[in-house]
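Q: Position 49 (the sequence shown) corresponds to 53 in this note's numbering; numbering is contiguous.
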Amino acid sequence: DEVRHFLPFTPGVYLWYTYKFVFFTTGYQFYINDTLYWEEEKGMAALSAGGDWIILLGDESKIEACDVYCDDIAVRVEE
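#1: So, are the CB atoms of K24 and Y35 less than 8 Å apart?
#2: If you compare alpha carbons, which of P12, L40, V17 and E44 is closest to T29?
#3: Tell me the rounded alpha-carbon separation between T14 and F27.
#4: With DSSP collapsed to three states, give me the class of D5.
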């Protein structure tokens, strides 16, 4: 069961951001620089069943001016 949801956020130019997703069996929370930006209840029961999660950082636009450059990306999973 796929869940696709775009979270609109326009980062500043040459600024660093920390993105954090916190998943629960009842939903998830999304933080930017430790500030809650979005939360949603989506029935995340699939978390306990395992599976693959893909989190894409970037712009869905194909316009060159909207391309994003991501540097120094670190992924940490905590249980």
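Note that CB positions come from ideal geometry on N, CA and C, so glycine has one too.
Remember, it's a predicted structure, so these values are computed and weren't measured experimentally.
A: According to the data block:
#1: yes
#2: E44
#3: 23 Å
#4: Its pLDDT being 48, under 50, D5 is placed unreliably by the model, and the measurement read from it follows with that caveat. If DSSP states are grouped into helix, strand and coil, D5 belongs with coil.
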